[in-house]
Structures are given as structure tokens and as C-alpha cells.
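**Student:** Numbered according to my numbering, the sequence shown spans residues 340 to 388.
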Amino acid sequence: MAAALRRAGARRIWLAGKGDYEGVDGNLFTGCDALAVLRTTLDDLEVTR
340 MAAALRRAGA RRIWLAGKGD YEGVDGNLFT GCDALAVLRT TLDDLEVTR
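#1: Per DSSP, what are the beta-bridge partners of Leu374 in this structure?
#2: DSSP state of Ala347, grouped into three classes?
#3: Who pairs with Leu367 in a beta bridge, going by DSSP?
#4: Could you give the distance in angstroms between the alpha-carbon of Arg388 and the alpha-carbon of Asp372?
#5: Find out if the Cβ-Cβ distance for the pair Asp359, Arg351 is shorter than 8 Å.
Written out as C-alpha cells, the structure is:
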């Protein structure tokens, strides 16, 4: 699935939950570093601060 998303143009692929899967760049889960996730997403979208 991650490879198909990448071919469709996804720059970063997040998984809701824990686990290591090929092609997944990061995970969102209770207790994750939510601020880092938001910063990374804003950087990927080229949002200026």
C-alpha cells in the first residue's frame, strides 16, 4: 500500500498506530511526539512560520 501511495505522489506516509512497515515514514499513536509530527507535516507542505 505504501508503495502505491508513493507512486501516486505521496511525499510522506504516516501510519496510525505502532509498527514498522516498508515504505512508512512515521507513526501516529497515543504518546507520540505530536509536535514533531506537526512540524514535519508543515515542513513537507512548505508552510512558512
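Glycine is no exception: its CB is placed at the ideal position from the N, C-alpha and C atoms.
**Tutor:** According to the structure data:
#1: The residue labelled residue 374 in the question sits at position 35 within the sequence shown. DSSP, once it has assigned bridges, lists no residue as partnering Leu374.
#2: Stepping through the sequence shown from its first residue, residue 347 is reached at position 8. In the structure shown, Ala347 sits in coil (DSSP, three-state: anything other than H, G, I, E or B).
#3: For the purposes of this step, residue 367 is taken as the residue at position 28 of the sequence shown. Partner(s): Ala355.
#4: Against the sequence shown, residue 388 aligns to sequence position 49. Against the sequence shown, residue 372 aligns to sequence position 33. So the alpha carbons of these two residues sit roughly 19 Å apart.
#5: For the purposes of this step, residue 359 is taken as residue 20 along the sequence shown, with counting starting at 1. For the purposes of this step, residue 351 is taken as residue 12 along the sequence shown, with counting starting at 1. No. Outside cutoff.
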